[in-house]
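Engineer: Mind looking over this structure? Questions follow.
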Amino acid sequence: MRILLVEDDLPLADAVASYLSSKGFAVDPAASLAQARAALPMAPWDAVLLDLHLPDGNGLSLIPAVRRQSPGGAIIILTAHDQVSDRINGLDAGADDYLVKPFDPAELMARLRAVERRRSGGVSSVVTAGALMIDLGRMRVTREGESVVLTAKEWSLLRILASRLDRIHLKESLLEAMYGFNDEVASNTLEVFIHNLRRKLGPDSIQTVRGLGYRLTGSPT
Amino acid sequence: MKRLSAQSLSARLTRSLLWSIGGAWFAVVAGSAWYARTELNEGMDSTLVHTGHRLLDLALHDVVLHAASPISLSLPLPPQIQHGDASFKEEDMVYQIVDASRRVLLRSREAPAQPLPVPLVNGFANLPEWRVYTYRHPDLPVFIHIADATEHRQEAQWETTFWLLLPMLGVLPLLGLLIRFITHRGLAPVRQLALEISQRNGHNLSHVSAASLPSELQVISDSTNHLLQHLSDALDTERALAANAAHELRTPLTATQLHLHTLLNLPLPLPARTEAGKALASLVQLSRRAEKLLQMSRAESGATLNSEPVNLGLLAAAIAQEFWTDPRLLDKLHLHTPPDKDVMALGDFDALAILLRNLVENAVRYGQGSDIDIVAELPAVLRVRDLGPGVAPDKMARIRQRHVKSARDGAGYGLGMSIISTIVERQGGRLTLASPPAGHPAGFEAVVHLPPAALDTAPSDTF
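Chains as they are written, first to last, in the working numbering: chain A, 1 to 221; chain B, 1001 to 1463.
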């Protein structure tokens, strides 16, 4: 798995590169936005580790370029900015994850392994959420051991919800993931699918967080 | 207490003005009384002289008519004397006509029978009870002593003084009230300035308004604004320092941790592995303490805290997502927010996030794997509850103190509760702690009541 590390602090870049190399990842460093932009077209990056405070600008400005050049690549922000508002801004800007320095290297590894699993198709990944067991590879879901039949759209929605149980999924990103840009989407489409999923998986299996979106808890009651 | 004993400027001004005016007035009255007394004495002496001369002529005529024997007659005083000065009563003035051997030839009714003990020379003499004028007839060896009572004179003087003093005593209290009213009105801008300054605090360092102030007070308001600006700059510097310190500390801490992890991945001899493991553990502890100190510094830097509408539901969701990244907490940490209403509080989003994060950290640490609830509820309440063993009653009182550890495992850095209390206080909120929480057999609950934001206020656009 190939990782682009955008970090201007050279001792830290060196430490991250050594650590990840020891874990079997291929790491290429970039010390500025300009170097990162130059490196983006040179390889299909599986993940970009992005510092925010860079000598030639804010790391967030690189996110659109990463999305263009490596559409499947994961973006993980590594920053000393620890305020929750910074974290929210980072995730809103399109990053997949946000780690505040000093982070536990095991946490970074866990995020990268998750990226790796997603890239490898997640054939064997089975997610457990409360009473639900969701086999992402085989597209099967059971509730307390009983198989549940889902439509294709319901499955695509559940798949996104199950991809990150630690995340409250924004309505907009759920809709974007379910439909193409050109599809006509009614205003209550998402609510209808969530309602159907709850009916099949349990009334409290999906939590609504007002103003944000939905989270899969799997709780059957 | 100091404030209670402090005198008001208005009262002090009133008192000193009143003393000054009263003192000056009294000096004028005293001078006038002295002058009036002198004039009065001169007038009375002059009356004695004129009356004496006239009486001596009249009396001699009487003495010649009735042979020279000691008799007592009462001659009426001349009409002009009787009526010219109303303050003169007949009995206030007496006379004796004596010859050269001091034999009394004639006297008024109230005059003593014995000759007055004064020299037989022209002029005035003072006796304890009388002021006496003596006059020798130009041709005969006959003298007249004409006198008026000293008491009468003193009475007249006191009356004059009294009437001079009376208006002063009557007017001074009224004058005091008038001065008090005028100074009170005149000092209104001072009170306005004092009110403006008293409203400045850690959250409000805006300049005081000097537009309507008189020029004397504008100097004070300018100096105050100058100080406020310095204070604001100093607090901004402090904030920048905290932010820089965070950045400067975090980066090398991360690098060192990564190096130690890399080192531990290598095939090391056991003693080296043990030492590297200890170094890593110490470094992790240092990182956490540095983190807490930075949070504390941020919490105590009150001037940097905003007071804006914050959606507590979204805040709780953001914090919950931080903790859900730990797979052990995925199905242990539960988020509860009202499904149909926003919970809006007035505060600083990031400071409240630090507060909530610390509450959840405590719940994770001391809850010992129990379920944890994060609740945002109306009107503006954050509630974090764990169902672990809870806190012993004797520790509850001490738990808010800084550096008090609640566990022996070294994980309780002591600053958490202090950070929480500081932020709650800075945000104008109230913290209540309960162990066990109401309705549960065991556990610990922290409830933060925050000032609610007005319902018509636009929700935070952080999301």
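The C-beta atom is built at its ideal place from N, Cα and C for all residues, glycine as well.
What residue range does the alpha helix (DSSP H) around Arg-199 (chain A) cover?
Structural biologist: 189-201 is the span of the alpha helix (DSSP H), which, as asked, contains Arg-199 (chain A).
Engineer: From the DSSP output, which residues share a beta bridge with Arg-143 (chain A)?
Structural biologist: Per DSSP, A:Leu-132, A:Glu-146.
Engineer: Assign Arg-164 (chain A) to one of three DSSP states: helix, strand, or coil.
Structural biologist: Reduced to three states, the DSSP call for Arg-164 (chain A) is coil.
Engineer: Identify every residue that forms a DSSP beta bridge with Arg-1131 (chain B).
Structural biologist: B:Asn-1126, B:Asp-1148.
Engineer: Examine chain B for any beta-carbon lying closer than 8 Å to the beta-carbon of Arg-199 (chain A), and answer yes or no.
Structural biologist: False, the Cβ-Cβ gap to chain B never drops below 8 Å.
Engineer: Which chain A residues are close to Pro-1338 (chain B), counting only those with a beta carbon under 9 Å from its beta carbon?
Structural biologist: Neighbours of Pro-1338 (chain B) on chain A, chain order: Arg-210.
Engineer: Note down, in chain order, each residue of its chain lying with its Cβ closer than 6 Å to the Cβ of Ser-1297 (chain B), except the 5 sequence neighbours on either side.
Structural biologist: For Ser-1297 (chain B), where only same-chain residues beyond five positions count, the Cβ hits under 6 Å are Ala-1242.
Engineer: In chain order, what residues of the same chain have a beta carbon less than 7 Å from the beta carbon of Lys-153 (chain A), not counting five sequence neighbours either side?
Structural biologist: Hits under 7 Å: Met-178, Phe-193.
Engineer: Just to make sure I have the definition right: I need the residues of chain B whose C-beta is within less than 7 Å of the C-beta of Arg-167 (chain A). Which are they?
Structural biologist: Chain B residues near Arg-167 (chain A): Gln-1321.
Engineer: Since Asp-1386 (chain B) is in the beta strand (DSSP E), which residue starts that stretch and which ends it?
Structural biologist: Residues 1381-1386.
Engineer: Got a sec, what are the start and stop residues for the alpha helix (DSSP H) Ala-26 (chain A) sits in?
Structural biologist: Segment 26-30 is the beta strand (DSSP E) holding Ala-26 (chain A); no alpha helix (DSSP H) there.
Engineer: How far does the alpha helix (DSSP H) with Leu-1315 (chain B) in it reach, from first residue to last?
Structural biologist: Looking at the DSSP string, the run of the alpha helix (DSSP H) that includes Leu-1315 (chain B) is 1312-1324.
Engineer: Determine the closest residue to Gly-1022 (chain B) out of B:Thr-1183, B:Val-1049, B:Ile-1179, B:Arg-1185, with distance taken between C-alpha atoms.
Structural biologist: When only C-alpha atoms are compared, the closest one is B:Ile-1179.
Engineer: With a threshold of 16 other CB atoms inside 10 Å of the CB of Gly-94 (chain A), please say whether the residue is buried or exposed.
Structural biologist: Its Cβ having fewer than 16 others within 10 Å, Gly-94 (chain A) is exposed.
Engineer: Starting from the C-beta of Asp-82 (chain A), find all residues in its chain whose C-beta is less than 6 Å away, skip the five residues before and the five after it, and write them out in chain order.
Structural biologist: These residues qualify, in order along the chain: Val-100.
Engineer: Which value, in whole angstroms, describes the spacing of the CA atoms of Ser-1232 (chain B) and Leu-1205 (chain B)?
Structural biologist: Computed Cα separation, rounded: 7 Å.
Engineer: Can a CB atom of chain A be found closer than 8 Å to the CB of Asp-1342 (chain B)?
Structural biologist: Yes, Asp-1342 (chain B) counts as interfacial toward chain A.
Engineer: Buried or exposed for His-1061 (chain B), going by 16 or more other Cβ atoms inside 10 Å?
Structural biologist: Exposed is the call here.
Engineer: Between Lys-1292 (chain B) and the rest of its own chain, which residues show a CB-CB distance below 8 Å, the 5 nearest in sequence each way excluded?
Structural biologist: Correct list, in chain order: Tyr-1413, Leu-1415, Gly-1416, Ile-1419.
Engineer: Looking at C-beta atoms only, is the number of pairs between the region 1385-1401 of chain B and the region 1337-1348 of chain B that lie closer than 8 Å three or more?
Structural biologist: No: fewer than three Cβ pairs fall under 8 Å.
Engineer: Contact criterion: CB-CB distance below 8 Å. Does Gly-1313 (chain B) meet it with respect to chain A?
Structural biologist: So, interface residue.
Engineer: If Val-209 (chain A) sits next to Ile-168 (chain A), beta carbons under 8 Å apart, how far is it from one beta carbon to the other, in whole angstroms?
Structural biologist: The Cβ separation is near 5 Å, so the contact holds.
Engineer: So, for Ala-1434 (chain B): in the same chain, excluding its five sequence neighbours on each side, which residues have a beta-carbon less than 7 Å away from its beta-carbon?
Structural biologist: Around Ala-1434 (chain B): Glu-1445.
Engineer: Please return the same chain residues whose Cβ sits closer than 6 Å to the Cβ of Ala-1196 (chain B), not counting the five positions on each side in sequence.
Structural biologist: The sequence given here places Glu at residue 1196 (chain B); Ala does not occur at that position. For Glu-1196 (chain B), where only same-chain residues beyond five positions count, the Cβ hits under 6 Å are Val-1208.
Engineer: At the level of alpha carbons, what is the spacing between Asp-1371 (chain B) and Leu-1333 (chain B)?
Structural biologist: Distance between the alpha carbons of Asp-1371 (chain B) and Leu-1333 (chain B): 6 Å.
Engineer: Against chain A, which members of the region 1282-1295 of chain B pass a CB distance test of less than 7 Å?
Structural biologist: Listed in sequence order: Ser-1287.
Engineer: Whole angstroms are fine: how far does the CA of Val-1171 (chain B) sit from the CA of Arg-1015 (chain B)?
Structural biologist: Arg-1015 (chain B) and Val-1171 (chain B): Cα-Cα distance of roughly 15 Å.
Engineer: Which word fits Thr-151 (chain A), buried or exposed, when buried means at least 16 other C-beta atoms lie within 10 angstroms of its C-beta?
Structural biologist: Exposed is the call here.
Engineer: According to DSSP, is Val-6 (chain A) helix, strand or coil?
Structural biologist: Val-6 (chain A): strand per DSSP, three-state reduction.
Engineer: Helix, strand or coil for Asp-14 (chain A) per DSSP?
Structural biologist: Correct three-state label for Asp-14 (chain A): helix.
Engineer: Would Val-84 (chain A) count as contacting chain B if we go by Cβ distances under 8 Å?
Structural biologist: It does: the Cβ of Val-84 (chain A) has a partner Cβ on chain B nearer than 8 Å.
Engineer: Using 8 Å as the limit for Cβ to Cβ distance, is Asp-9 (chain A) near chain B?
Structural biologist: Yes - at least one Cβ of chain B is within 8 Å of the one on Asp-9 (chain A).
Engineer: Identify every residue that forms a DSSP beta bridge with Leu-1169 (chain B).
Structural biologist: Answer is none; Leu-1169 (chain B) lacks a bridge partner.
Engineer: Which of the three DSSP states is assigned to Val-1028 (chain B) in this structure?
Structural biologist: The answer is helix: DSSP assigns Val-1028 (chain B) an H, G or I state.
Engineer: Are Leu-174 (chain A) and Leu-157 (chain A) closer than 8 Å when you measure CB to CB?
Structural biologist: Closer than 8 Å, so yes.
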